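A quick write-up on the structure given underneath.
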Amino acid sequence: MRAAVVTSFGGPEAVEIGEVALPEPGARQVRIRVTAAAVNPVDAGVRAGVFGGAGKRLGLGWDVAGVVDAVGVASGWNVGDEVVALAYGTAKDLGTHADQVVVDADAVAVAPRSVDAAHAASLPLNALTAAQALDRLALEPGQSLLVTGAAGAVGGYAVQLASRLGVRVIGLAREDDEEFVRSLGAERFVSDGVAPGSVDAVLDAAILGADALEWVRDGGVFLGVIPGAQPESVRGVRTGAVEVAADGARLAELVALVDEGVLTTRVAGTYALDEAVKAHARLAEGGLRGRLVLVP
């Protein structure tokens, strides 16, 4: 089968499409025939060597939508099930940017019925990151949350999920994204920040770091999206970063919210698997509103 891998670090041209052995599922695993797989910034990080792994073959791709085509013992899934899943890991030898991928059964959820496979593939990594970040923030209804990068993939899901919980959301994004960010449920929109110490919490999806920390009140909470890269605590502000975990049960809840119209999936463009280099090059250009998706 074909797979997108990295054997030496670099720019988009470092992505290779090669023939690899067909993986077989073990106990409590399933193999998915990939219908669509999103391209995320973490894939660019793996490709560039941000996470290490020199000298190894590193597989690309975390998100997948597809059809189960083989199951291991006690997987709980059946061949033919249409599913979505998160294949976690920056150092895996094969990822979801492939014709087929093996994932743990408990990372899998039934695919949404209301969107196509490309849109479904944009859900797992970004929506799980947003949901798990909100779990860690543990805000009460009526408290204020500033989401940076509110028009982005993680930020957009966070705005929708937090608003649904009754949190007062302030979305920070570019000026021309105001209408969109408000449509997600943001009570307020800003393009250049807020008064220092004026919000209960910040979810820093845009990776602004210490600048965004200044907007949190004394004793509030700051949460980043890159583990280990959050700023040091000041003024009693609790700081941390979310590290996404594969969770099929939670992913199923998010799928249900897609089908209910609560969560909005967005696809900026699709590419064939053989065009993965082009997809990485487009990702590097920036300015995307939605995910690029590989369609094998």
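Last residue of the sequence shown: number 277 in this note's numbering, and the count goes up by one each step with no gaps. We put the beta carbon where it would ideally sit given N, CA and C, even for glycine. These figures come from a predicted structure and were not determined experimentally.
{"Asked": "Is it true that the CB of L126 sits closer than 8 angstroms to the CB of L67?", "Found": "no"}
{"Asked": "With C-beta atoms as the reference, is Y18 less than 8 angstroms away from V1?", "Found": "Looking at the sequence shown, residue 18 is not Tyr but Ala. It is not a contact, given that the beta carbons lie outside the stated cut-off."}
{"Asked": "So the candidates are P277, G34 and A92; which of them puts its Cα closest to the Cα of G70?", "Found": "G34"}
{"Asked": "What do you get for F32, buried or exposed, if any count of 16 or more other CB atoms within 10 angstroms of its CB means buried?", "Found": "exposed"}
{"Asked": "What residues match up with R(-17) in a beta bridge as DSSP calls it?", "Found": "E0"}
{"Asked": "Start and end of the beta strand (DSSP E) containing Y252?", "Found": "V248 to Y252"}
{"Asked": "Who are the Cβ neighbours of A186 in its own chain at under 7 angstroms, not counting the five residues just before and after it?", "Found": "V128, T129, G130, G133, V135, G136, A139 and V206"}
{"Asked": "Compute the Euclidean distance between the alpha carbons of F61 and H261, then round it to the nearest angstrom.", "Found": "According to the sequence provided, residue 61 is Gly. The question's Phe does not apply to it. Roughly 31 angstroms separates the two Cα atoms."}
{"Asked": "Output the distance between the C-alpha atoms of A253 and R219, rounded to the nearest integer angstrom.", "Found": "43 angstroms"}
{"Asked": "Just to confirm my understanding: we take A88, look at its own chain, exclude 5 residues before and 5 after, and list those with CB closer than 8 angstroms. What are they?", "Found": "A66, L67, A68, Y69, A227, D228, G229 and L232"}
{"Asked": "Please list the terminal residues of the continuous alpha helix (DSSP H) segment that includes E63.", "Found": "No alpha helix (DSSP H) contains E63, which is instead part of the beta strand (DSSP E) from E63 to L67."}
{"Asked": "Is there a Cβ of chain B sitting closer than 8 angstroms to that of L120, yes or no?", "Found": "Protein chain content of the structure displayed is limited to a single chain, and chain B is not contained in it."}
{"Asked": "Short check: CB of P(-7) to CB of A265, under 8 angstroms?", "Found": "yes"}
{"Asked": "Report the three-state DSSP secondary structure of R198 (helix, strand or coil).", "Found": "strand"}
{"Asked": "Out of A101, V64 and D192, which one is the CA nearest neighbour of P177?", "Found": "D192"}
{"Asked": "At the level of alpha carbons, what is the spacing between E156 and V225?", "Found": "29 angstroms"}
{"Asked": "Grab the span of the beta strand (DSSP E) containing G178 for me, first residue to last.", "Found": "Segment: none, G178 is in no beta strand (DSSP E) and carries neither H nor E."}
{"Asked": "Report all residues from its chain with a CB closer than 7 angstroms to the CB of L142; omit the five preceding and five following residues, and keep chain order.", "Found": "A111, A112 and L115"}
{"Asked": "Which residues mark the beginning and the end of the beta strand (DSSP E) in which F170 is found?", "Found": "R169 to V171"}
{"Asked": "Looking at the unbroken beta strand (DSSP E) that takes in A46, where does it start and where does it end?", "Found": "D44 to V52"}
{"Asked": "State the DSSP-derived secondary structure class of Q141, mapped to helix, strand or coil.", "Found": "helix"}
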